[in-house]
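All remarks here apply to the structure that follows.
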Amino acid sequence: MSKRFLISAALAVALTSPAFAQFPPPGVYLCVDMQGAAFGTLGLAPAGDYDFRSSTAIGGTGQMASSGNSVNAVSGPLADIGLTGSFSTEGGRTSFMFSTNMGSVLCATPA
């Protein structure tokens with residue numbers, strides 16, 4: 363194999379792998395607003411499907427998309443409120459910081 367082919371193949375893998383490796387872990391996340399008030403519960407499935415439950419009028423199912431550590435709702439009630447944000451995982455705990463047209467929201471795995 364040529365050196366040029368190997369470099370091209372390595373570059374292709376490096377440029378496409380992070381998107382697959384960075385999808386948020388599935389699970390149940392508790393969400394609060396920036397005043398610490400309960401906002402709801404986000405259930406996230408491996409393929410990006412979500413189920414959001416809240417004591418407010420917002421609730422239902424939809425789909426999220428991810429690129430790197432960026433996340434946005436593409437359908438359902440969270441898309442209706444313009445949810446976009448990012449996630450990080452440290453010490454086995456994942457948290458999301460979202461912006462919506464209702465304000466900022468923090469979602470995290472329970473302690």
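When we follow the working numbering, the leftmost residue of the sequence shown carries the number 363, and every step to the right adds one.
Beta carbons: idealized from backbone N, C-alpha and C, even for Gly.
Distance, Cα to Cα, residue i vs residue j?
i: Ala407; j: Pro386; result: 9 Å
i: Phe449; j: Ala419; result: 25 Å
i: Ala432; j: Gly453; result: Sequence check: residue 432 is Ser here, not Ala. If I take the Cα positions, the gap works out to 19 Å.
i: Gly405; j: Gly424; result: 11 Å
i: Tyr412; j: Ser437; result: 10 Å
i: Val467; j: Arg455; result: 17 Å
Please classify residue i: does DSSP put it in a helix, a strand, or coil?
i: Leu440; result: helix
i: Met464; result: coil
With 16 as the cutoff for other CB atoms within 10 Å, does residue i come out buried or exposed?
i: Ala400; result: exposed
i: Ala427; result: exposed
i: Gly402; result: buried
i: Ala435; result: buried
Taking the beta strand (DSSP E) that residue i belongs to, which residues open and close that run?
i: Ala429; result: First, the residue type needs correcting, since residue 429 is Ser and not Ala in the sequence shown. Residues 422-429.
i: Val446; result: First, the amino acid is wrong: residue 446 is Thr here, not Val. Note, Thr446: beta strand (DSSP E), 446-452.
Do residue i and residue j have their CB atoms nearer than 9 Å?
i: Gly447; j: Phe458; result: yes
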